[in-house]
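Enquirer: Before we start, here is the structure in question, set down as C-alpha cells.
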Amino acid sequence: MPSSSPERPAQQVDVQREQNHLDLLHHRMDVLREEIGRELRTVLRESISTAQGQVERGVMAGRLSRQLAAMEAAENGLCFGRLDRVVGDRLYVGRIGVPGVAPEDDPLLIDWRAPAARPFYTATAAAPQGVRLRRHLHTRNRRVLRVDDELFADISTVPEDIQLSGEAALLATLRENKTGRMQDAVATLQTEQDRIIRSPHAGVLVVQGSPGTGKTVVALHRAAYLLYTHQRLERSGVLVVGPNSVFLDYIGQVLPGLGETSVLLSSVGGLYPGILARAEEPPGAAEIKGRLDMADILATAVRARQAAVTGPVDVAIGGECIRLKRRFLADAAARATEGGVQHNLARPAFREALFDELADRLARVIGDIEAGFEQVLAGQVDVSALERAVQEDLAGVFGDHVSAYDFRAQEPVEFADRKANWLDALPRDPAARKLMDSLWPVLTPERLLTELFSDPDRLAQSAPQLTEAERALLLREPTAPWTVSDVPLLDEAAELLGFDDGAETERESARRAAQHDYAQGVLDIVRGSRGVGGTVDVDEQLHAADLVTAEQLAGWHASADLRTVAERAATDRSWVFGHVIVDEAQDLSPMTWRLLVRRCPTRSFTIVGDAAQSSDAAGSTSWQQALEPFFGARWRREELTINYRTPAEIVSASRQVLKAIAPDLEAARAVRDGAAPPRCERTSPEEFPARLATVAAEAARGGGGIRVAVIVPSAELERLATAIAAESPGTSWGTDVDLEQSLVVLNVRQAKGLEFDSVVVADPQGMLDGAPRGLSDLYVALTRASQSLHVLHPGPLPDVLKNLMQETT
C-alpha cells in the first residue's frame, strides 16, 4: 500500500507551496475568462443579415458560453491533485485544463479526463505507472486547506523538499458527513471506477454493482469523460436517466460542477416534453403498461380511428344523401397509410380520397338534374317546380345568399367543372368536415390515451390479448393525472400518430413576413424623414438606409439561440442523443427501454444498476431478460466489487435479505468497518408512530451536521411523516423533498440511489407486504446509511432480519 503519514508542521510548508501554484492557476483563469467574455460580447453585437450567418453566430456564441460556464463551474476545487513522475516534470490535475501563457508553454493544469491524468486514479504500489508520488490537494474556494501524499517509490528517492503528510484522501472523504447533494468525485475516483469510466463509448456497457459501490458516480463521470473525449457528442448531447425527481435533485450539481452543459438529466416521467408525470400506478396497472404488448395495443387503437367502420356510412350534403361503402373507406385508408405513413400525416391523403369521392357522387347527382333540363325544354316537366327544387339544393350547399339561378338561360356544365366546384366547396361544408373528423380525426397522444383508457368498449376492441381483469386495471377517469407508466405510451403514440407541422410552418412564415414588413416600415420612415426642416437635397444625400435592405435589417434583430444542447433537447421529443446513460436501470419496463432506444438509434448506452434492487413491478431481475429484446447479445458487463459507502456492520445486516433475493449474488466488499452495530427495536402497533417520531428526533439531534432519513412503506408515508414532523418541525417529506434538511421521510422509491449519514428503517414487514418485490424494497432501505442504521418494527421481526443483533427494548 502507498505510504502515508500523519499531519505535522511540515504540512504548512507543503500547503504554502501548493497555494502559490493555485494562485497562479486562478490568475490565469481570470485572464482567460475576461478574454472569452470579451469575444462573446463581440459576437453577440455583430450584425448578421443571412440565415447561414445567424446559425454560425449562434454556434460561436454557444461554444463561448459553454467555455465560460465550464470555467465558472471549476472555480471551487479547480486543482485537486499532483503527480510527481519518476521521469519528467510534475503534473497538476484538475477539473478542467488550463493552458500556459504562450502557445508553446506546457499546460499549467491538465484535465482529469486527459490520458496523462489517468495514473492519478490507477497508479498503485505494485504498478506505479511511472509515478513516484501522488498528492491530493484539499481546497475550499481559492485556499489550500491541506495535502495528502501517497508514495510509490522508496522514500530515499524522494527529494528533501517533498514531505509525506496527511491521511488517505478516500477514507477522509468517506468519513465526511453528507450534504444532501451528491458532489463530484474527480479527486477520489478509484481504479475500477476509472477503468469503467474510460471504457469505449460504442455499444452497450452494463455496470452491475451492489449498494455503495459508486454506480452513480461512475455513470455521471462517464458522461463527463465521453463529452471530453468525443467532442461530437457536444452537438447531440448525452441523456442521463434517473429513477425519480428526488434522485435528480440529489445528483443535479455534479455535471454542472464539472462544466458540462450538454447533458440532459431526466426521470422517465420527464421524457415526454410538456408533461412531468409524477403520479404512480397501482403495481398491476404499471406492470401491464410496461409490457411490449402495449405497442401492438396502441397501434390497434390508432387503426381503429382510421375509417374503421363496420358498415356503410351515410352523409347528407346539399340536400342529397350520399352512401359511402365500407370497402371504399377501407381502400382509401390503406392507400393513405401505405408505406407506414403516420396517422396525422396520412390524413390529407385520406381527405383527398374522401372529398374526391363525394365530389364525384354529387356532381353526378347534379348531372342527373341537368339531364332533366332537356325534358323541361321539351315541355315534359313543370319548369317552375324544377327551378324551386334546384334553388333549394344550391342553398343547402352554398347558403341562403346564393343568387337566383335561371337554369333556362345557362349552357350545360361539363361534368369535370361540376366536380371541381364541389371539390372547392366541400372543405367549407359543415357536414363534410364533420364526416372527415369522425372518420379520421386529428389525434394527439394525450387524446388517444385518454379516450382509450376511459372507454371500456374502445379498450376491449384495441386490447383483445388482455384479460377482462387486466383491462379493468387500465380503466380510469378522463381527468386522471398522467403517471410515470404513461410516458412511454405517450411517446409510442407520438411515433404512431406523427405531427403535421403545416400550421406551424405557416405561423413561422407569417412571423418572418411580419418582421420583414416591420423592417421595411422602419426604412420607409427613415428615408421619408430625411431633409425634413433642412436645406440639403435629399436626392443627392447618401444615407445608411440606402445601404441596407428590409431582409438585412430583420436579420440583424434575429437573436442567437444561446440555449444549451440539454435545454434544446428537453423540448424536442424527436431529439437523437449520441449516448444514453441509465441509472437504476433494473427498474425500467420494456416499454421504457423501447422509448430510450428511439432516443439513441446507434444503441450507445451505459447501463448501471443492481438486479437485486429491482423493486418495480414492470422491472427486471435479470440483465439478459431486460436487454435481449432490444440489444440481443451485443452488450458487455462490468462489475463494481468494492463498497465505499456502507460500513461492514451494515453490510452484514443486509446480507440475509440479499441471499433471499438472489442466492448466487455476493455483496460487495466494504472498505470500512468499526461502525456501531445496527440497532433493532420492537414496539407495539399503537405506539409505533410516536416511538418512530422520537427515534427520528434523537437521530437528527446527533450533532455534527449529520443527515437522517426515515424510510417507510409507501402506504404509510403520510401517516408516519405527519407524526415525525409534529415531533421535529422542519422535517421534509412529500413530492418535493428537500434533501438538504437534516431530517427527511421517504418511501423506498424516493430513496433509490441516495445515501445518508443515518437511516431509520420503519416497519420492515410492511415493506415486504406492501410491494410485489418487497424483499428488494427492504434491501434498498437497509443499504442507504453510511454511519448508522436503526430498524424499528411494530410486530415480529421478519425472518430475513433475524441475523440482527439482540433486540433492544
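Counting in this note's numbering, the sequence shown runs without a single skipped number right up to 1410 at its last residue. Note that the Cβ used here is the ideal one computed from N, Cα and C, for glycine as well.
(1) Assign Val1392 to one of two classes, buried (16 or more other C-beta atoms within 10 Å of its C-beta) or exposed (fewer than that).
(2) Taking DSSP's pairing of strands, which residues face Ile898 in a bridge?
(3) Taking the C-alpha atoms as reference points, what is the distance between Leu645 and Gly638?
(4) Could you give the residue range of the beta strand (DSSP E) that holds Val1392?
(5) Excluding sequence positions up to five away, which residues of its chain have a Cβ less than 8 Å from the Cβ of Leu1340?
(6) Just curious, the alpha helix (DSSP H) that His831 is in, first and last residue?
(7) Let me know the alpha helix (DSSP H) ranges lying completely inside the region 1346 to 1371, each 4 residues or longer, listed in chain order.
(8) Who are the near neighbours of Val1338 in its chain, counting only those whose CB is closer than 6 Å to its CB and skipping five residues on each side?
(9) Taking C-beta to C-beta, are Leu1398 and Leu1390 nearer than 8 Å?
(10) State whether the region 719 to 733 contacts the region 822 to 842, with contact taken as three or more CB pairs (one from each stretch) at a distance under 8 Å.
(11) Using the beta-carbon count (16 or more within 10 Å), is Pro812 buried or exposed?
(12) Restricting to Cα atoms, I'd like to know which of Leu1067, Ala886, Phe951, Thr1051 is closest to Ala931.
(13) Is the beta carbon of Thr830 less than 8 Å from the beta carbon of Ala1167?
(14) How would you call Asp685, buried or exposed, if buried means at least 16 neighbouring beta carbons within 10 angstroms?
(15) Threshold first: 3 residues or longer. Then list the beta strand (DSSP E) segments lying entirely within the region 1214 to 1275, N to C.
(16) Kindly indicate the opening and closing residues of the beta strand (DSSP E) around Thr1207.
(17) How far does the alpha helix (DSSP H) with Arg1420 in it extend, from its first residue to its last?
(18) Going along the chain, which residues of its own chain have a beta-carbon closer than 6 Å to the beta-carbon of Ser1086, five neighbours each way excluded?
(19) Taking three-plus beta-carbon pairs below 8 Å as touching, is the region 1206 to 1221 in contact with the region 1247 to 1265?
(20) Just list the residues that DSSP pairs Tyr873 with in beta bridges.
(21) State the DSSP-derived secondary structure class of Glu647, mapped to helix, strand or coil.
(22) In chain order, what residues of the same chain have a beta carbon less than 7 Å from the beta carbon of Tyr1453, not counting five sequence neighbours either side?
(23) Pick from Leu1044, Ala717, Leu1049, Val910: whose alpha carbon is nearest that of Pro1079?
(24) I need the DSSP call for Val1381, collapsed to helix, strand or coil.
(25) Between Ser1055 and the rest of its own chain, which residues show a CB-CB distance below 6 Å, the 5 nearest in sequence each way excluded?
(26) Ends of the beta strand (DSSP E) at Gly1178?
(27) Taking its Cβ as the centre, do 16 or more other Cβ atoms sit within 10 Å of Val632, making it buried, or is it exposed?
(28) On the premise that Arg1283 lies in contact with His1394, defined as a C-beta separation below 8 Å, what is that separation, rounded to the nearest angstrom?
(29) Going along the chain, which residues of its own chain have a beta-carbon closer than 6 Å to the beta-carbon of Thr1165, five neighbours each way excluded?
(30) Tell me the rounded alpha-carbon separation between Ala933 and Asp1018.
(31) Assign Gln1066 to one of three DSSP states: helix, strand, or coil.
(32) Taking the DSSP output, what are the residues bridged to Glu751?
(33) In this structure, how does DSSP classify Thr924 when only helix, strand and coil are distinguished?
(34) Leu1398 by DSSP, collapsed to three states: which one?
(35) Determine, using beta-carbon pairs with one atom in the region 855 to 871 and one in the region 1062 to 1074, whether at least three such pairs fall under 8 Å.
(36) Look up Glu1282 in the DSSP assignment and say whether it is helix, strand or coil.
Expert: To lay it out plainly:
(1) Here residue 1392 refers to the residue found at position 791 when the sequence shown is read from its first residue. Under this definition Val1392 is a buried residue.
(2) Here residue 898 is taken as the residue at index 297 of the sequence shown, counted from 1. For Ile898, which the question treats as bridged, DSSP gives no partner whatsoever.
(3) The count along the sequence shown starts at 1 and reaches residue 645 at position 44. The count along the sequence shown starts at 1 and reaches residue 638 at position 37. Just so you know, the alpha carbons of Leu645 and Gly638 end up roughly 11 Å apart.
(4) Sequence index remark: in the sequence shown, residue 1392 carries index 791 (1-based). Unbroken beta strand (DSSP E) run through Val1392: 1386 to 1394.
(5) Within the sequence shown, numbered from 1, the residue matching residue 1340 stands at position 739. Short of 8 Å from the beta carbon of Leu1340, and not among the five residues preceding or following it, lie these beta carbons of its own chain, in chain order: Gly781, Arg782, Val847, Asp850, Tyr851, Arg1308, Ser1333, Leu1355.
(6) Stepping through the sequence shown from its first residue, residue 831 is reached at position 230. DSSP places His831 in no alpha helix (DSSP H); its state is neither H nor E.
(7) The qualifying runs are 1349 to 1352, 1365 to 1370.
(8) Taking the sequence shown and counting its residues from 1, one reaches residue 1338 at position 737. Excluding sequence neighbours, Val1338 sits near Val847, Val1345.
(9) Within the sequence shown, the letter at position 797 stands for residue 1398. Within the sequence shown, the letter at position 789 stands for residue 1390. It is not a contact, given that the beta carbons lie outside the stated cut-off.
(10) Short answer: they don't touch.
(11) Numbered from its first residue, the sequence shown carries residue 812 at position 211. With a threshold of 16 other beta carbon atoms within 10 Å, Pro812 meets it and is buried.
(12) To locate residue 931, count along the sequence shown from 1; it is residue 330. Of the candidates Leu1067, Ala886, Phe951, Thr1051, Phe951 places its Cα closest to the Cα of Ala931.
(13) Residue 830 sits at position 229 when you count from the first residue of the sequence shown. Residue 1167 sits at position 566 when you count from the first residue of the sequence shown. For the 8 Å CB-CB criterion, Thr830 and Ala1167 do not form a contact.
(14) Within the sequence shown, the letter at position 84 stands for residue 685. Result: buried.
(15) List check, beta strand (DSSP E) in window: 1236 to 1241.
(16) Translated into the one-based positions of the sequence shown, residue 1207 becomes position 606. 1206 to 1210 is the span of the beta strand (DSSP E), which, as asked, contains Thr1207.
(17) Past the boundaries of the shown model lies residue 1420; the chain is included only from 602 to 1410, so the question cannot be answered.
(18) As a working note, residue 1086 is residue 485 in the sequence shown. These residues qualify, in order along the chain: Glu882, Ala887, Lys890.
(19) Judged by pairs of C-beta atoms under 8 Å, the region 1206 to 1221 touches the region 1247 to 1265, as three or more such pairs exist.
(20) Here the question's residue 873 lines up with position 272 in the sequence shown. Under the DSSP definition of a beta bridge, Tyr873 lacks any partner.
(21) In the sequence shown, the residue the question calls residue 647 occupies position 46. In this structure, Glu647 counts as coil in the three-state DSSP scheme.
(22) In the structure as shown, the chain starts at 602 and stops at 1410, and residue 1453 therefore has no counterpart that could be examined.
(23) Within the sequence shown, the letter at position 478 stands for residue 1079. Per the Cα distances, Leu1049.
(24) Taking the first residue of the sequence shown as 1, we reach residue 1381 at position 780. Val1381 carries a helical assignment under DSSP once its states are collapsed to helix, strand and coil.
(25) Counting from one through the sequence shown, the residue named residue 1055 turns up at place 454. The residues are Pro1079.
(26) If you number the sequence shown from 1, residue 1178 lands on position 577. Looking at the sequence provided, one finds Phe at residue 1178 rather than Gly. Counting along the chain, Phe1178 falls outside any beta strand (DSSP E), and DSSP gives it neither H nor E.
(27) Locating residue 632 in the sequence shown gives position 31, counting from the first residue. By the neighbour-count rule (16 or more Cβ atoms within 10 Å), Val632 is not buried but exposed.
(28) In the sequence shown, counting from the first residue as 1, residue 1394 sits at position 793. In the sequence shown, counting from the first residue as 1, residue 1283 sits at position 682. Sure, about 6 Å apart at Cβ, within 8 Å.
(29) The residue given as residue 1165 occupies position 564 in the sequence shown. Spatial neighbours of Thr1165 in its own chain (CB-CB distance under 6 Å, excluding positions within 5 residues in sequence) are listed in chain order as Thr862.
(30) Your numbering for residue 933 matches position 332 in the sequence shown. Your numbering for residue 1018 matches position 417 in the sequence shown. A direct Cα-to-Cα measurement between Ala933 and Asp1018 gives close to 24 Å.
(31) The residue labelled residue 1066 in the question sits at position 465 within the sequence shown. The DSSP-derived three-state label of Gln1066 is coil.
(32) Taking the first residue of the sequence shown as position 1, residue 751 is located at position 150. By DSSP's assignment, Glu751 forms a beta bridge with Arg735.
(33) Working through the sequence shown from its first residue, we reach residue 924 at position 323. According to the sequence as given, residue 924 is Arg; it is not Thr. The three-state secondary structure of Arg924, taken from DSSP, is strand.
(34) Residue mapping note: residue 1398 aligns to position 797 of the sequence shown, counting from 1. Coil, per DSSP.
(35) When Cβ pairs closer than 8 Å are counted between the two stretches, the region 855 to 871 is seen not to touch the region 1062 to 1074, the count staying below three.
(36) Translated into positions along the sequence shown, residue 1282 becomes position 681. Strand at Glu1282.
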